[in-house]
Amino acid sequence: MINNTNIVMGIETSCDETSIAILEGENKLLSNIISSQMEIHEKYGGIVPEIASRKHMELIMITCKEALEQANINLTDVNGIAVVPGPGLKGSLLVGLSFGKAIAYALKKPLIGVNHIEGHIFANFINNNKIEYPFISLIVSGGHTLLMLVDNIGKYRIIGSTRDDAAGEVLDKISKYLNLGYPGGPAIERLAETGRESSIYFPRPLFYSNDYDFSFSGLKTAVINFVINKNMLREKIDINNLCASFQMAIIDTLKHKAISAARKFNIPRIVLGGGVTANQKLRNELLKEASKYGIEIFYPPKNLCTDNGAMIACAGYHKLKAGLIETFDLEVFTK
Ligand code: KG4
Ligand code: ZN
Numbered sequence: 047m048i049n050n051t052n053i054v055m056g057i058e059t060s061c062d063e064t065s066i067a068i069l070e071g072e073n074k075l076l077s078n079i080i081s082s083q084m085e086i087h088e089k090y091g092g093i094v095p096e097i098a099s100r101k102h103m104e105l106i107m108i109t110c111k112e113a114l115e116q117a118n119i120n121l122t123d124v125n126g127i128a129v130v131p132g133p134g135l136k137g138s139l140l141v142g143l144s145f146g147k148a149i150a151y152a153l154k155k156p157l158i159g160v161n162h163i164e165g166h167i168f169a170n171f172i173n174n175n176k177i178e179y180p181f182i183s184l185i186v187s188g189g190h191t192l193l194m195l196v197d198n199i200g201k202y203r204i205i206g207s208t209r210d211d212a213a214g215e216v217l218d219k220i221s222k223y224l225n226l227g228y229p230g231g232p233a234i235e236r237l238a239e240t241g242r243e244s245s246i247y248f249p250r251p252l253f254y255s256n257d258y259d260f261s262f263s264g265l266k267t268a269v270i271n272f273v274i275n276k277n278m279l280r281e282k283i284d285i286n287n288l289c290a291s292f293q294m295a296i297i298d299t300l301k302h303k304a305i306s307a308a309r310k311f312n313i314p315r316i317v318l319g320g321g322v323t324a325n326q327k328l329r330n331e332l333l334k335e336a337s338k339y340g341i342e343i344f345y346p347p348k349n350l351c352t353d354n355g356a357m358i359a360c361a362g363y364h365k366l367k368a369g370l371i372e373t374f375d376l377e378v379f380t381k
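Every number in my numbering is 46 more than the matching position in the sequence shown, counting from 1.
So this is what it looks like as structure tokens:
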């Protein structure tokens with residue numbers, strides 16, 4: 047029996063992972079069960095929203111039971127329920143939100159709403175409580191590419207975002223186009239390891255714009271046109287060189303904008319989050335560039351970069367401590 051008033055359950059169902067975690071205090075992760083639907087969506091080369099929500103329905107009870115068992119606690123030991131109202135896929139979000147509301151209502155425990163992006167930021171705090179406010183946050187996932195100024199818990203200012211596709215979305219789409227599988231980011235990263243990043247020049251849209259916005263859809267078109275041209279000329283494509291050059295075009299832009307923001311706002315720390323920040327090359331490039339300006343880079347362990355319940359529980363813990371709780375009127379939002 048645990049005598050602690052700080053046990054938070056984190057529920058994440060915004061996309062294609064059904065995940066529930068139990069966190070004790072700020073750092074003690076008792077369980078983090080991720081029931082991935084990757085294999086199902088892989089067949090289609092991307093996420094099918096209707097299938098995703100049905101799968102969440104099938105998996106949520108089992109995932110919850112497993113999370114409690116592994117944490118070795120009872121449901122009644124939980125002191126707060128953190129759920130994600132958005133952004134994400136409506137049907138998927140509804141499953142997690144309704145499930146969380148039902149538990150909170152039955153247990154008479156606080157319901158905490160965690161924005162999915164906020165969750166990605168707080169994935170950093172599970173293993174590191176030395177990150178000082180304010181910080182710049184670079185969130186790069188399948189759905190978002192965002193630069194934020196974080197003043198404190200609940201105090202976020204978006205300073206830049208993508209004007210079209212998210213970086214992860216472009217990685218996934220090009221991977222599908224090249225028949226490299228889903229998710230695209232890890233597949234492209236693996237192939238890029240033995241490629242030459244300077245072998246093909248791909249554009250870096252908005253690189254020199256005087257803001258912190260991104261644009262990746264032109265890059266996607268450039269890669270597709272490159273492949274079409276090579277095929278028309280019956281020239282062989284070196285897939286490793288292609289992946290390395292394409293990946294570098296994304297990394298260059300992310301690195302340039304994030305470091306520029308940290309310098310402009312005079313904030314010497316950048317906190318990474320989202321699936322794409324699991325990319326080792328991106329991390330290395332950022333670390334190298336940041337060290338020139340005395341900027342610190344923080345990132346979560348790789349398994350906590352992609353969607354998971356632990357990051358929701360962690361943000362939930364901090365919000366609960368700050369008294370930021372929700373009523374049962376909390377509704378889903380997609381964007
Ligand atoms: O954060 P996440 O799990 O889901 C969203 O909130 O969208 O991010 C998924 C994205 C996918 O686009 C996937 O291709 C990308 O993260 N990703 C990576 C890596 N691992 C996952 N991109 C680049 N390198 C990786 N190692
Ligand atoms: Zn995510």
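All C-beta atoms in this analysis are idealised placements derived from N, C-alpha and C, irrespective of residue type, glycine included.
From residue i to residue j, what does the alpha carbon distance come to, in whole angstroms?
i      : j      : result
Ala238 : Gln293 : 7 Å
Tyr345 : Cys360 : 15 Å
Lys340 : Glu281 : The sequence given here places Gly at residue 340; Lys does not occur at that position. The alpha-carbon atoms of Gly340 and Glu281 are separated by roughly 45 Å.
Ser291 : Pro249 : 10 Å
Arg203 : Met194 : 5 Å
Ser128 : Gly137 : Reading off the sequence shown, one finds Ala at residue 128, where the question assumed Ser. Straight-line Cα distance between these residues: approximately 18 Å.
Gln116 : Lys74  : 13 Å
Ile119 : Ser77  : 10 Å
Gly230 : Lys154 : 42 Å
Asn49  : Leu121 : Below a pLDDT of 50, predicted positions are generally treated as unreliable, and Asn49, at 37, falls in that range; the measurement from the model is reported next regardless. Cα to Cα, Asn49 sits roughly 14 Å from Leu121.
Met47  : Val124 : At Met47 the pLDDT is 35, less than 50, meaning the model places this residue with poor confidence; the figure from the coordinates comes in the next sentence. Approximately 12 Å between the Cα atoms of the pair.
Thr208 : Lys111 : 38 Å
Glu85  : Thr64  : 13 Å
Ser306 : Ile149 : 44 Å
Gly369 : Ser244 : 50 Å
Ile358 : Phe171 : 11 Å
Ile316 : Asp257 : 17 Å
Tyr228 : Gly91  : 6 Å
Lys222 : Ser60  : 22 Å
Leu376 : Tyr179 : 28 Å
Gly165 : Glu104 : 24 Å
Ile371 : Ile274 : 52 Å
Ala308 : Val196 : 12 Å
Ala67  : Lys276 : 47 Å
Leu143 : Val378 : 7 Å
So, helix, strand or coil for residue i, using DSSP?
i      : result
Lys201 : strand
Asn170 : helix
Ala117 : helix
Ser291 : helix
Ala128 : strand
Thr380 : coil
Gly188 : coil
Glu112 : helix
Thr352 : coil
Ala368 : coil
Ser362 : The question names Ser, yet the displayed sequence has Gly at residue 362. DSSP places Gly362 in helix when its eight states are reduced to three.
Val269 : helix
Asn52  : coil
Asn256 : coil
Ile285 : helix
Thr373 : coil
Ser82  : strand
Ile305 : helix
With a cut-off of 8 Å on the beta carbons, I'd call residue i and residue j a contact; round off their distance for me.
i      : j      : result
Glu72  : Asp353 : With a Cβ gap of about 21 Å, Glu72 and Asp353 do not count as contacting.
Val322 : Phe262 : Rounded, the Cβ-Cβ distance is 11 Å, inconsistent with contact.
Gly241 : Pro251 : Wrong, their Cβ atoms sit about 22 Å apart, outside the cutoff.
Ile220 : Val160 : That belief does not hold up - the Cβ atoms of Ile220 and Val160 are roughly 31 Å apart, past 8 Å.
Thr380 : Gly132 : 6 Å
Val130 : Leu366 : That belief does not hold up - the Cβ atoms of Val130 and Leu366 are roughly 15 Å apart, past 8 Å.
Ala169 : Cys351 : 7 Å
Ala304 : Leu192 : With a Cβ gap of about 11 Å, Ala304 and Leu192 do not count as contacting.
Around the Cβ of residue i, are there at least 16 other Cβ atoms within 10 angstroms (buried) or fewer (exposed)?
i      : result
Lys452 : What is shown of the chain runs 47 to 381, which leaves residue 452 out entirely.
Asn312 : exposed
Gln326 : exposed
Glu70  : buried
Gly200 : exposed
Ala213 : buried
Gly355 : buried
Thr109 : buried
Ala152 : exposed
Asp62  : buried
Ala113 : buried
Gly332 : Residue identity differs from the one stated: residue 332 is Leu in this sequence, not Gly. Burial call: buried.
Lys176 : exposed
Ile297 : buried
Lys101 : buried
Leu135 : buried
Would residue i count as contacting chain B if we go by Cβ distances under 9 Å?
i      : result
Glu164 : In summary, chain B is missing from the structure at hand, where a single protein chain is found.
**Prompt:** Which residues count as close to ligand 3 when the rule is a CB under 5 Å from any of its heavy atoms, in chain order?
**Reply:** Ligand 3 is absent from the structure shown, which contains only ligand 1 and ligand 2.
**Request:** At 4 residues or longer, and completely inside the segment 201-248: list those alpha helix (DSSP H) runs for me, N to C.
**Result:** 213-223 and 230-238
**Request:** Could you tell me which uninterrupted alpha helix (DSSP H) segments, each at least 4 residues in length, are contained entirely in the segment 310-339, listed from first to last along the chain?
**Result:** 326-337
**Request:** Enumerate, from N- to C-terminal direction, the unbroken beta strand (DSSP E) stretches of 3 or more residues contained entirely within the segment 134-186.
**Result:** 157-159 and 181-186
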